[in-house]
Amino acid sequence: MAEPKPCRCLLMASGQEDMARLVAEYIATLPEENRVPEEVYRTRLVLCEGCEALNNGTCARCGCYVEARAAKRGLSCPALPAKWTAQ
433 MAEPKPCRCL
443 LMASGQEDMA
453 RLVAEYIATL
463 PEENRVPEEV
473 YRTRLVLCEG
483 CEALNNGTCA
493 RCGCYVEARA
503 AKRGLSCPAL
513 PAKWTAQ
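Take the sequence shown: its letters are residues 433 to 519, numbered as in the working numbering.
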């Protein structure tokens with residue numbers, strides 16, 4: 433029997449509610465000056481959701497939880513070319 437394909441979805445949609453909660457708590461603790469505005473965050477997540485490297489809430493290119501990476505200033509998408517850039 434073939435292995436099921438990984439979910440190309442964010443943490444909560446992948447069924448990892450506990451990890452989704454931990455990542456959300458981490459993001460909430462980031463100083464405001466280290467977080468991107470909410471609109472930028474949401475746009476980044478939409479781009480991540482359309483990426484072939486998204487695997488159960490994790491980026492297959494860099495290994496991060498995409499919600500955490502997308503929330504932080506100064507980080508960009510690890511794809512070449514990047515789907516979103518640092519702010």
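C-beta atoms are modelled at their ideal positions from N, C-alpha and C, and glycine is treated no differently.
{"Check": "3 or more residues per run - each beta strand (DSSP E) lying fully within the stretch 445-493", "Outcome": "none"}
{"Check": "Under 8 Å between C-beta atoms of V498 and C480", "Outcome": "yes"}
{"Check": "Beta-carbon proximity check, A518 vs C483, cutoff 8 Å", "Outcome": "no"}
{"Check": "Segment limits, alpha helix (DSSP H) that includes R440", "Outcome": "No alpha helix (DSSP H) contains R440, which DSSP labels as neither H nor E."}
{"Check": "Inter-residue spacing [alpha-carbon to alpha-carbon] between C522 and R476", "Outcome": "It is not possible to answer for residue 522, since the shown part of the chain is limited to 433 through 519."}
{"Check": "Residue span of the alpha helix (DSSP H) that contains C505, given as start and end", "Outcome": "Just to set this straight, residue 505 is Arg in the shown sequence, not Cys. Run containing R505: none; DSSP gives neither H nor E here."}
{"Check": "Proximity winner among P463, A503, N488, relative to K437 (alpha-carbon distances)", "Outcome": "N488"}
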